[in-house]
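Going from the sequence shown to the numbering used here is simple: count from 1 and add 11. Where a beta carbon is used, it is the ideal one built from N, C-alpha and C, also for glycine.
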Amino acid sequence: MVMWCKNCSIETNEAICPVCGSETTEDLPVEIYWCDNCGIPVIHVSTAADKGLCPVCHGNTRYLTADLRPVFPEERLLLALLLDKAPNALMQKSVWAAGSRYYIDGKSQSISAKTFEIADTDTIADRLVKSANAIDYTFFNENIRKFISANQHRLAYLKDEAFSFVRKAAERFKEENIVISFSGGKDSTVTADVVTKALSNPSLVHIFGNTTLEFPATIEYADRYRKNHPLAIFMIAHNDEQVFYDVCEDIGPPARMMRWCCSMFKTGPITRIINSMYRSQQILTFYGIRKSESVSRSKYNRIEDDAESVKIQQQTVASPIFFWKDIDIWLYMLGEDVDFNAAYRLGYDRVGCWCCPNNNQRAQFLSRIYMPEASKKWRAFLIDFAKKIGKPDPEVYVDSGKWKARQGGNGLPSAGDVKIRFTNCTSEDHAKIYRLVRPFDDELVGMFVPFGRIASELGKKLLRETIILDVKTNVPILSIQPFNQDGYDYAVKVRTMNVADHDDLQRMVGYQIRKFNACRKCLKCESICRQGAISITGDSYYIDPKKCVHCKMCMTAKYLDGGCMMDKYLRTK
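Take a look at the structure:
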C-alpha cells in the first residue's frame, strides 16, 4: 500500500517514514490537471513525475483545481438558461464543476450565490420544460469515456486500496454482523458497491434511513437499488412517531449548529433497527464518510469505535472511501457503471435532506425549481416562525439564510422546559426540590434506574418515597418523592446520602429531571445506550432495569451535554 509522509512530502510503503520517523498516512495528495487537447480532467498524485502529461494523447496538461464533479446534460441545460444562452449551447462542451464554479472546456465560470438567490425560478422551470428536447448525452458519454480511459490507473488504485481495507476491517466480525449504511447518496452508493465486491457477498445487510425529508429522486433510487440487489437484506429505518413540521413548530427548525433532525429522524430510527437485529452485539458498519466533506469529518479516524465519536454506540464504523475526492467518487461510479441517484443529473452535489440548513443557495435554487410546492411550504413556515420569535424583517431573515445560524430557544415557549429550577430543602441536608412541568409519576422514578436499584419497598409509603440503592454496596444513595412547593405546580424532592460528592450526584439528578421535563423523543438516548436499555415509545421514556448496566453514559456530559439534547436546542441566553 502506498503511504504518504506529510513532513517529508514523499511516498513510501511503510507505516513509519524511513526519513523522519513520523507516522505516515494513506491520504495521498491529489491534484486535478486539464488536457486542452482531450477536453478532460486528469487526476494526478501531486508527487508524480509525469503529472504534466495526459495519459490519452500524451500532450501537456495544466493544473486546474483541487476537486471536480461532472456536469450532466440536464444541469447543462439549466446552466445555459441561467447564463442566458441557447438551450443546446453546452451540450457539445466538456463541462465540470466544483461547487458554484463551472469549468467549460477548461475555462472557469463562477456564479455568485446572489444569482441563485434572486433567480426567477418559476420562469426558469417553465423554460426547462419547453427546452427538454435539447438534452443530449452523445457528446457527454464520449467525453466521460475519455475521462475514464485517462484515469484508469487512478481507478485501479482506488479499487485495490479500498477492497484491501474492507477485507481487513471485516476480519474481526462475523459475516452477519456486517452492515452497510445506505443513504441513497453518491458516497453510500460507492461504499455499498465497494464493500459488496470486496467481500464477494451480495447478501449483506443495508440500512436505509428514510428521514421523511428525502428528495423524491432518493426514494426512487432506493427502491431501484432494492430491486437491482434482490439478495441484499434491505432494512428501512423510519420514525413513525414524529412529524417534522410539528417538531419544528415546537422547538424551532433545525439550524447548522442545532440539527436535531439527524438524531430524531435518522440516527435514532437506525439505532432501533440495529437493536432489533443485533441486541447488544457489536457490529461493523461501513459508512460513506469522506475526509474532504467537512472540517468535523476530517477529524474522524478511518475506523472509529470511540464512544465520543460514534453516534450509535454498539457499532464500529469503517470508511472505505475516507480519503476519496468527489472526482474519485465519480470516476468509480462511471468507470464501474454503477447506477446512482438521478438528483445528481439535475445539478445537486449532495442529496441529504432537501431542506437541510447546511444546503447552500445553489441547492435551495435547485429545489425551488424541481420541488416548488415543498419549497414554498418550507419558506412560508420559516417566515411564520421568524415572526413568532420577533424577527423585524422575516422575509430577509429567511431568504438571506440567517435562519440557518439560529441558536437556542429564544422566543419559544418550550424553552422553559430545559431550565432546571430548584430550591434547597430547609429541613434536610443534601436535599433539593425540583420543579416539574407535569405530575410526578412512575416514568420519573424510572429515570433513576441508571443510578442503581429501585427499591420502592424501602421508602415511606405515606410520602410515596422511593429509595435508590448503590448496585455495588446495596447502600441507599438517593431518596425521591413527590412534593408540594410554593411557586411550582408540580415538584419532586431528591435527597442524596452516603456518597462522597453530593453535588456531583445532584448534577446528574438534574439531568434526569431535565429529560423528564423536556424530552421531545429525539432518540439520542437510545443511540447512546450500548445495551439497548432505553426505549422511547409514544409519550413514554423507559429504562429497562434488566438491561441497564449503570454505566451512566446517558447522564454524562461527555456523551450528552446537559443530560438532554433539548438543552442545546432550547437553551436561552
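Length of the line joining the Cα atoms of Asn370 and Ala354: So the two alpha carbons sit approximately 14 Å from each other.
Residues that DSSP places opposite Tyr552 in a beta bridge: According to DSSP, which records beta bridges pairwise, Tyr552 is partnered with Ile547.
Classification of Leu242 by the beta-carbon crowding that lies within 10 angstroms, buried from 16 upward: Exposed, because fewer than 16 other Cβ atoms sit within 10 Å of the Cβ of Leu242.
Paired residues, beta bridge with Pro493 - DSSP: Beta-bridge pairing links Pro493 to Val503.
Beta-carbon proximity of Arg237 to Phe245, cut-off 8 Å: Closer than 8 Å, so yes.
Burial state of Glu34, where buried means 16 or more other Cβ atoms lie within 10 Å: For Glu34, the pLDDT reaches just 48, beneath the cut-off of 50, and the residue's location in the model is therefore unreliable, although a value from the coordinates is still provided. Looking at its Cβ environment, which holds fewer than 16 other Cβ atoms inside 10 Å, Glu34 is exposed.
Nearest-angstrom Cβ-Cβ length linking Trp365 and Leu166, presumed shorter than 8 Å: Contact doesn't hold; Cβ gap of about 31 Å is too wide.
Length of the line joining the Cα atoms of Gly401 and Met269: Cα-Cα distance, rounded: 20 Å.
For Phe193, the three-state DSSP class (helix, strand or coil): Three-state DSSP puts Phe193 in a strand.
Where Gly596 falls: helix, strand or coil (DSSP): It is not possible to answer for residue 596, since the shown part of the chain is limited to 12 through 584.
Residue range of the alpha helix (DSSP H) that includes Ser121: First-last for Ser121: Lys118 to Ser121, but that is the beta strand (DSSP E), not the alpha helix (DSSP H).
Arg475 - DSSP class collapsed to helix/strand/coil: Here DSSP, grouped into helix, strand and coil, assigns Arg475 to coil.
Under the three-state DSSP convention, the category Asn162 falls into: Assigned with DSSP and collapsed to three states, Asn162 falls in coil, not helix or strand.
Whole-angstrom distance between Pro280 and Cys540, CA atom to CA atom: If you take the alpha carbons of Cys540 and Pro280, they lie about 14 Å apart.
Sheet register partners of Tyr232 (DSSP bridge): Note: Tyr232 sits in no beta bridge, so no partner.
Sufficient close CB pairs (3 or more, under 8 Å) joining the stretch 548 to 558 to the stretch 453 to 466: These segments touch.
Exposed unless 16 or more other CB atoms sit within 10 angstroms - verdict on Leu474: Classification of Leu474: exposed, given that the 10 Å Cβ count is below 16.
Cys565 - DSSP class collapsed to helix/strand/coil: Judged by DSSP in its simplified three-state form, Cys565 adopts helix.
Given Asn188 as reference, the closest of Leu516, Thr327, Pro487 and His441 once Cα atoms are compared: Nearest of Leu516, Thr327, Pro487 and His441 to Asn188, Cα basis: Thr327.
Beta carbon of Met344 nearer than 8 Å to that of Lys197: Result yes, Cβ atoms of Met344 and Lys197 sit closer than 8 Å.
When Gln253, Ala97, Gly346 and Glu260 are compared against His164, the one with the closest alpha-carbon: Cα-wise, what sits closest to His164 is Gly346.
Distance between Phe396 and Gly70 (C-alpha atoms, nearest Å): As the crow flies, the alpha-carbon of Gly70 is around 58 Å from that of Phe396.
Coarse secondary structure for Gln293, derived from DSSP in three states: Gln293 falls in the coil class under three-state DSSP.
Contact check, Ala329 vs Leu357, beta carbons under 8 Å: At the C-beta level, Ala329 and Leu357 stay beyond 8 Å of one another.
CB of Ile262 within 8 Å of CB of Phe219, strictly: Contact: no.
Exposure of Asn587, with buried meaning 16 or more beta-carbon neighbours within 10 Å: The requested residue 587 does not occur in the structure, where the chain is confined to residues 12 to 584.
Through-space distance from Ala466 to Gln7, alpha-carbon basis: Residue 7 is absent from the structure shown; the chain starts at 12 and stops at 584.
CB-CB length for Gln542 against Ser291, believed under 8 Å: About 5 Å separates the CB atoms of Gln542 and Ser291; that is less than 8 Å, so the two are in contact.
Outcome for Glu468 when other beta-carbon atoms lying within 10 angstroms are tallied against a minimum of 16: The Cβ neighbour count for Glu468, taken over all protein chains shown within 10 Å, is under 16; the residue is labelled exposed.
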